[in-house]
Amino acid sequence: MATKTAARRRAEAKMEYDVFLAQCKSRQLLDRLSDKWVTLVLCTLGDSGESMRYSQIARHIAGVSQKMLTQTLRSLERDGLVTRTVTPTVPVTVDYAVTDLGRSLLVVVAQMKQWAETHMDDVQVHRDDYDRRTA
């Protein structure tokens with residue numbers, strides 16, 4: 025019986041990802057990526073083109089709480105989409121930046137953001153029409 029290399033086992037496991045299956049790990053990732061704060065944080069960091077401090081990100085995203093921004097940045101760092109760099113100054117400086125993996129996702133996320141901004145008026149017309157018909 026032939027043995028499989030680690031690379032082959034990973035490739036076979038990757039082919040088995042199917043977000044339509046409840047136990048699929050990629051479904052967890054899809055759930056995280058569909059969060060509005062993830063979109064806004066990635067677009068904020070991507071638009072700047074350079075690293076940003078926590079307070080800069082918070083000022084740029086209206087309505088985000090400190091708790092939500094912290095949780096979002098931690099989850100993005102954990103998934104390898106954002107890096108967190110601590111500089112030992114007084115006080116300590118912490119910068120966040122999009123990784124190469126994050127930039128590959130940013131292409132899609134920025135398009136979603138643009139689509140939402142472009143089509144919101146159309147969507148609102150449909151919502152109003154629907155609400156009138158179902159009232």
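Just so it is clear: in the sequence shown, position 48 is 72 by my numbering, and no numbers are missing. C-beta: ideal position from N, C-alpha, C; glycine also.
*Cross-strand partners of residue 108 (DSSP beta bridge)*: In the sequence shown, residue 108 corresponds to position 84, counting from 1. DSSP output for residue 108 lists 120 as bridge partner(s).
Discussion item. Given a cut-off of 8 Å on the beta-carbon distance, is the pair residue 120 and residue 81 in contact?
Written reply: Reading the sequence shown from its first residue, position 96 is the one you call residue 120. Reading the sequence shown from its first residue, position 57 is the one you call residue 81. In this structure, residue 81 lies closer than 8 Å to residue 120 by Cβ.
Would you call the CB atoms of residue 110 and residue 118 closer than 8 Å?
-> On the sequence shown, position 86 is the one that residue 110 refers to. On the sequence shown, position 94 is the one that residue 118 refers to. Contact flag set, yes.
Q: Please name the residue or residues paired with residue 77 in a DSSP beta bridge.
A: Numbered from 1 along the sequence shown, position 53 holds the residue referred to as residue 77. Residue 77 is bridged to 119.
#### Entry: Secondary structure of residue 141, DSSP reduced to three states
Against the sequence shown, residue 141 aligns to sequence position 117. Helix, per DSSP.
(message) Suppose contacts are defined by Cβ-Cβ distances below 8 Å. Is residue 68 in contact with residue 85 by that definition?
(response) Taking the sequence shown and counting its residues from 1, the one referred to as residue 68 is at position 44. Taking the sequence shown and counting its residues from 1, the one referred to as residue 85 is at position 61. Their beta carbons are under 8 Å apart, which means residue 68 touches residue 85 by this criterion.
First through last residue of the alpha helix (DSSP H) which encompasses residue 9: Beyond the ends of the chain as shown, which are 25 and 159, falls residue 9; an answer cannot be given.
Spatially closest choice to residue 101 from 83, 131, 132, 65, by CA coordinates
To locate residue 101, count along the sequence shown from 1; it is residue 77. Answer by Cα proximity: 65.
Inset, instruction - Put residue 86 into one of helix, strand or coil per three-state DSSP. - result: The residue given as residue 86 occupies position 62 in the sequence shown. Residue state, collapsed to three classes: coil.
Simplified DSSP assignment, three categories, for residue 45: Within the sequence shown, numbered from 1, the residue matching residue 45 stands at position 21. DSSP places residue 45 in coil when its eight states are reduced to three.
Under 8 Å by Cβ, that's how I've got residue 93 and residue 106 pegged, so tell me the actual separation to the nearest angstrom. Here residue 93 is taken as the residue at index 69 of the sequence shown, counted from 1. Here residue 106 is taken as the residue at index 82 of the sequence shown, counted from 1. Going by Cβ atoms, the distance from residue 93 to residue 106 rounds to 12 Å, so no, they are not a contact pair.
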